[in-house]
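*Asks:* For what it's worth, numbering that gives the first Met the number 0 labels the leading residue of the sequence shown as 0, then goes sequentially.
The structure's right below; bear with me while I get my questions together.
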Amino acid sequence: MAKKAAPVKKNEYIDLEFVDLTHEGNGVGKIDGYPVFVPYGLPGEKAKVKIVKVKKNIAFGKLIELIEPSEDRIEPPCEVFYQCGGCQIQHMTYERQLKMKQKQVQDVMHKIAHMSDVPVHPVIGMDEPWSYRNKVQIPVGKRDGKVLTGFYQKRSHRIINMDTCPVQNEANDHIVREMSGIIEELGIEPYDEETHRGVIRHIVVRSGYHTGEMMVVLVTRTKDIPHQDKLVEKIKAFDSNIKGIIQNYNPKQTNVIIGRESKMLWGKDVIIDKIGELEFAISAHSFFQVNPEQTERLYDQALQFANLTGKETVIDAYCGIGSISLFLAQHAKKVYGVEVVPQAVDDAKDNAKRNHIDNAEFFVGEAEKVMPWWKAQGLKPDVIVVDPPRKGCDEELLKAMIDMKPEKIVYVSCNPSTLARDIKILANGGYSAKQIQPVDMFPQSNHIESVTELVLEN
0 MAKKAAPVKK
10 NEYIDLEFVD
20 LTHEGNGVGK
30 IDGYPVFVPY
40 GLPGEKAKVK
50 IVKVKKNIAF
60 GKLIELIEPS
70 EDRIEPPCEV
80 FYQCGGCQIQ
90 HMTYERQLKM
100 KQKQVQDVMH
110 KIAHMSDVPV
120 HPVIGMDEPW
130 SYRNKVQIPV
140 GKRDGKVLTG
150 FYQKRSHRII
160 NMDTCPVQNE
170 ANDHIVREMS
180 GIIEELGIEP
190 YDEETHRGVI
200 RHIVVRSGYH
210 TGEMMVVLVT
220 RTKDIPHQDK
230 LVEKIKAFDS
240 NIKGIIQNYN
250 PKQTNVIIGR
260 ESKMLWGKDV
270 IIDKIGELEF
280 AISAHSFFQV
290 NPEQTERLYD
300 QALQFANLTG
310 KETVIDAYCG
320 IGSISLFLAQ
330 HAKKVYGVEV
340 VPQAVDDAKD
350 NAKRNHIDNA
360 EFFVGEAEKV
370 MPWWKAQGLK
380 PDVIVVDPPR
390 KGCDEELLKA
400 MIDMKPEKIV
410 YVSCNPSTLA
420 RDIKILANGG
430 YSAKQIQPVD
440 MFPQSNHIES
450 VTELVLEN
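Next comes the structure, spelled out in structure tokens:
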């Protein structure tokens, strides 16, 4: 039987009507049922499109001209939005962004978990979905003899030089903007990926949403920084809220930004910020949510689904520096946190002391190995809270959770696809997903976080 040819050809120009969005935020149009994916297309729009790639079941196009624009289309406020790889959906109204993200979670629950009856609530969004990020990591480069700071162009490591980023905290943005001039003035060579030469690779700035405290981290290929004292003095002069300047040493040819070794050039090695009433010390290496306003909403949702009365024993897998654990500990009898990164566990213990919380204990190890040992010691949790990385939970961890038989599992996810996959496994282990609450932690991007309530069915 002859293979049916695609209804479009590469380099062909077509008129296309968009009927849907992909999870990445690309417009979807169809020619005789054959899907064509086009970046920046919006449902309801008609456009002239150039076909750039053709596969057996799908084609990809480039938007050439809008014939009928959508009411959901806006002019992106960022000058480099269409070149930069940082944001994907600034061209949509915020209302459309939130609807897209809710549908993203609904779709994976249907297609991956095969569950269409689990309520996925409307996304909890922000009143002001700009200038929200409390951490910026900017590569440093050089082109035509000029120092550049900016994010990478889409699907490349070519730096897009930028003066400002509308999703970054304005104080962080200011420091990055000033840094390129200082580096150039002092004649410090930026890192060159191709030759693996040069000194400064990245500039990282962290700031406290509630406290205003700031930290500047210089990621370098070399242990020595030319004109280090002058550089430190000039950085200190940027903002009186800068509390520490750190050098992070990363000599490897790698895409990983932060190296293992850090040293303090001036000031303190941590800044303080708050989530709710709790204080946290944040170091150059700490994982701390980048949208503090929405983090509080995310954790409040996790607390609500956990429904703690003060009598419960809780396990927090992937506990990090203890942020969710300490939130839970205010309402539980006892919280056990487990985390594979030793420094994070040290930070979690320090944060417990800082907040005078004595009913939370933290342990170093892989949750999937520690939890069976806890079970053998007679530990029986009432609630398990899990907040894994994008790859989701290790299958051994899911089995360990099922074996411990808590009455409730609260799953905090940053990836709907792996969430749906894991929910399906937990369902086979006796857990019913009752509801999912998405929270928009990353406005203007296609990412969505969510909290799921799972209950053991007797």
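Virtual Cβ for every residue (Gly too), placed ideally from N, Cα, C.
All values derive from a computational prediction rather than experimental measurement.
Rounded to a whole number of angstroms, what is the C-alpha to C-alpha distance between Q288 and Y12?
*Replies:* Their backbone Cα atoms lie some 44 Å apart in a straight line.
*Asks:* At what residues does the beta strand (DSSP E) containing H201 begin and finish?
*Replies:* Looking at the DSSP string, the run of the beta strand (DSSP E) that includes H201 is I199 to S206.
*Asks:* Can you check which of these residues, G319, P42, V135 and W265, is closest to N350 by C-alpha distance?
*Replies:* With distances taken between Cα atoms, N350 lies closest to G319.
*Asks:* Tell me whether the beta-carbon of R157 lies closer than 9 Å to the beta-carbon of R196.
*Replies:* Cβ atoms of R157 and R196: not closer than 9 Å.
*Asks:* Would you check if there are 3 or more beta carbon pairs closer than 8 Å linking the segment 226 to 234 to the segment 153 to 173?
*Replies:* With the cut-off at 8 Å, the segment 226 to 234 and the segment 153 to 173 do not touch.
*Asks:* Would you tell me roughly how many angstroms separate the C-alpha atoms of N445 and Q436, rounded to the nearest one?
*Replies:* If I take the Cα positions, the gap works out to 17 Å.
*Asks:* Give the range of the alpha helix (DSSP H) segment to which S179 is assigned.
*Replies:* Run containing S179: E169 to L185, per the alpha helix (DSSP H) assignment.
*Asks:* Mapping the DSSP letters down to three states, classify A375 as helix, strand or coil.
*Replies:* Reduced to three states, the DSSP call for A375 is helix.
*Asks:* Contact check, S324 vs V334 under 8 Å by CB: the rounded distance?
*Replies:* At roughly 5 Å, the Cβ-Cβ gap stays under 8 Å, so S324 and V334 are in contact.
*Asks:* Going by DSSP, what residue range makes up the beta strand (DSSP E) through V51?
*Replies:* Here the beta strand (DSSP E) through V51 covers K45 to V53.
*Asks:* Does DSSP classify P138 as helix, strand or coil?
*Replies:* Of the three classes helix, strand and coil, the one that applies to P138 here is strand, per DSSP.
*Asks:* When DSSP builds the beta bridges, which residues end up paired with Q436?
*Replies:* Bridge partners of Q436: V450.
*Asks:* If contact is defined by three or more beta carbon pairs under 8 Å, each pair taking one atom from either stretch, is the segment 174 to 190 in contact with the segment 109 to 119?
*Replies:* Because the criterion of three Cβ pairs below 8 Å is not met, the segment 109 to 119 and the segment 174 to 190 do not touch.
*Asks:* Which two residues bound the contiguous beta strand (DSSP E) that contains M263?
*Replies:* It spans E260 to G266 - the beta strand (DSSP E) in which M263 sits, taken as one unbroken run.
*Asks:* Could you name the residues of the same chain whose beta carbon sits closer than 8 Å to that of K9, not counting the 5 residues immediately before and after it, in chain order?
*Replies:* Answer for K9: I50, V51, K52 and V53, listed in chain order.
*Asks:* Given a cut-off of 9 Å on the beta-carbon distance, is the pair A366 and A399 in contact?
*Replies:* Yes, these two residues count as a Cβ contact at 9 Å.
*Asks:* Throw me the rounded Cβ distance for the Q105 and H22 pair, which I believe falls under 8 Å.
*Replies:* About 11 Å; that fails the 8 Å criterion.
*Asks:* If you measure between the beta carbons of I383 and P405, is that distance less than 9 Å?
*Replies:* Contact: yes.
*Asks:* With distances taken from CA atoms, which of F361, N354 and V204 is nearest E278?
*Replies:* Comparing Cα-Cα distances from E278 to each of F361, N354 and V204, the minimum goes to N354.
*Asks:* If you follow the beta strand (DSSP E) that T148 is in, where does it begin and where does it stop?
*Replies:* Where T148 is concerned, the enclosing beta strand (DSSP E) stretches over K145 to T148.
*Asks:* Check whether the Cβ atoms of R463 and A283 lie closer than 9 Å to each other.
*Replies:* Within the shown structure, residues of the chain are numbered from 0 to 457, placing residue 463 beyond reach of any answer.
*Asks:* Can you tell me which residues form a DSSP beta bridge with P34?
*Replies:* P34 is bridged to K29.
*Asks:* Could you tell me which uninterrupted alpha helix (DSSP H) segments, each at least 4 residues in length, are contained entirely in the segment 304 to 376, listed from first to last along the chain?
*Replies:* 322 to 328, 341 to 353 and 366 to 375, all fully within the segment 304 to 376.
*Asks:* Assuming N290 and Y131 make a contact with CB atoms under 8 Å, what is their CB distance in whole Å?
*Replies:* Right, their Cβ atoms sit about 5 Å apart.
*Asks:* Is it right to say M0 is buried, meaning 16 or more other beta carbons lie within 10 angstroms of its own, or is it exposed?
*Replies:* In this prediction, M0 scores a pLDDT of 49, lower than 50, which makes its location untrustworthy; the coordinate-derived value is nonetheless stated afterwards. Exposed: under 16 other Cβ atoms inside 10 Å.
*Asks:* For E192, which of G207, T210, R142 and L264 has the nearest alpha-carbon?
*Replies:* Nearest option by C-alpha distance: R142.
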